[in-house]
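Residues in the sequence shown are numbered consecutively from 1, following the numbering used here.
Below you'll find the structure, written out as C-alpha cells, and then a few comments.
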Amino acid sequence: MRIIAPSVLSLDYSRLSETVQELNESKAKWIHYDVMDGHFVPNLTFGPDILRGFRKMSNHFLDVHLMIEDPLKYADMFIEAGADGITFHSECFKSVDEMIDFIDYLHSKNVSVGITSKPETDMNSYKEVLGLVDLVLVMSVEPGFGGQSFQEGALDKIRTLDGWRKELEFDYLIQVDGGINAETAQLALKAGVDVLVAGSYIFKGDVTEKIDELWNL
Ligand code: DX5
Ligand code: ZN
Numbered sequence: 001m002r003i004i005a006p007s008v009l010s011l012d013y014s015r016l017s018e019t020v021q022e023l024n025e026s027k028a029k030w031i032h033y034d035v036m037d038g039h040f041v042p043n044l045t046f047g048p049d050i051l052r053g054f055r056k057m058s059n060h061f062l063d064v065h066l067m068i069e070d071p072l073k074y075a076d077m078f079i080e081a082g083a084d085g086i087t088f089h090s091e092c093f094k095s096v097d098e099m100i101d102f103i104d105y106l107h108s109k110n111v112s113v114g115i116t117s118k119p120e121t122d123m124n125s126y127k128e129v130l131g132l133v134d135l136v137l138v139m140s141v142e143p144g145f146g147g148q149s150f151q152e153g154a155l156d157k158i159r160t161l162d163g164w165r166k167e168l169e170f171d172y173l174i175q176v177d178g179g180i181n182a183e184t185a186q187l188a189l190k191a192g193v194d195v196l197v198a199g200s201y202i203f204k205g206d207v208t209e210k211i212d213e214l215w216n217l
C-alpha cells in the first residue's frame, strides 16, 4: 500500500485553484491539512472554512491533522466542513479512556481516525488504543513547521508499529510526516510506512513531477 498525501501547509496560496487541479489529476489521492492553534504548537494555520474550500475543489481524501490543544472541542467543525479523516495528538488527552471515547465518537461520525504524538512521546503510552484506530501517524519532525529535517528516530517507530500490527493483527495504516523527500521516503517505505506526507518537497518543486517521483520509488 502506498498513499501520497501532499501537505498543503506549503502550497502557494496565490495559485490555489490551479494547484488543487494539479493534485486532483495526480497520483496523490489524499490532501494532508495541518491545523495549528498557536498553543499546542507555536504556529497558526487554518480553520474549517478553508477546508470547506478544499472539499468543494477536490474529491481527494481530506486528511486533517489536528495540532491543537482541544481536539474534542473542534473536531466536529472539521467533520462538518468535509474532513474524511481526523488525526489527533495523544498528548491532548489525560487518559487512555478519554482517547477511546473520542475515537468511538469520531467513528460514530463516519470519519476515519488517526492517532499521533510528538517525536519524544513514547507510543507505549497509547498502545492500548491502536486496535481501534485506522491510522497511526509517526511525526518525523517536531510538529509546527514545514521544511524541517527528517529525524531518523521515526524509522524505529515505524518498524515498531509495523511489528505490532503483524503480531497483534492491528489494522492501521502507518503514516509519516515531516522532512519527507525521495531519500527519506525510501527509508520510511523500507521500514513499513504506507502513507507519505510531504509538504515542501512537493510544493517547492513541480507538483506532478515530485508526486510521480515519490510514487515511483
Ligand atoms: C508539521 C506538519 C507537516 C508539514 C510537513 O508540523 O505536520 O505536515 O507540512 O512539511 P515538510 O514536508 O515540509 O516537512
Ligand atoms: Zn501534518
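Don't be surprised by glycine CBs; every beta carbon is placed ideally from N, CA and C.
- Judged by DSSP in its simplified three-state form, Leu106 adopts helix.
- Proximity to ligand 2 was defined by a C-beta distance below 5 angstroms to any of its heavy atoms, and the residues meeting it, in sequence along the chain, are Asp34, His65 and Asp177.
- C-alpha of Asn59 to C-alpha of Gly163: approximately 33 angstroms in a straight line.
- Inclusion of Met57 and Pro143 in the CB contact set at 9 angstroms is not warranted, their separation being larger than that value.
- Contact between Asp194 and Ile3 holds, with the beta-carbon distance rounding to 6 angstroms and staying under 8 angstroms.
- Non-local beta-carbon contacts of Val41 in its own chain, meaning distances under 6 angstroms to residues more than five positions away in sequence, involve Met67, Pro143 and Gly144 in chain order.
- If one requires a minimum length of 4 residues, the alpha helix (DSSP H) runs lying completely within the stretch 32–104 are 48–57 and 71–80, in chain order.
- Scanning its chain for C-beta atoms nearer than 8 angstroms, with the 5 sequence neighbours on each side dropped, one finds around Pro119 the residues Met139, Ser140, Val141, Glu142, Gln151, Gly153 and Ala154, in chain order.
- Shortest Cα-Cα distance from Arg159 to any of Asp70, Val176 and Ser149 involves Val176.
- Sequence-distant Cβ neighbours of Met77 in its own chain, meaning closer than 6 angstroms and more than five residues away, are Pro48.
- For Val136, the beta-bridge partners assigned by DSSP are Ile115 and Ile174.
- Our two residues, Ala81 and Ala75, have alpha carbons roughly 10 angstroms apart in a direct line.
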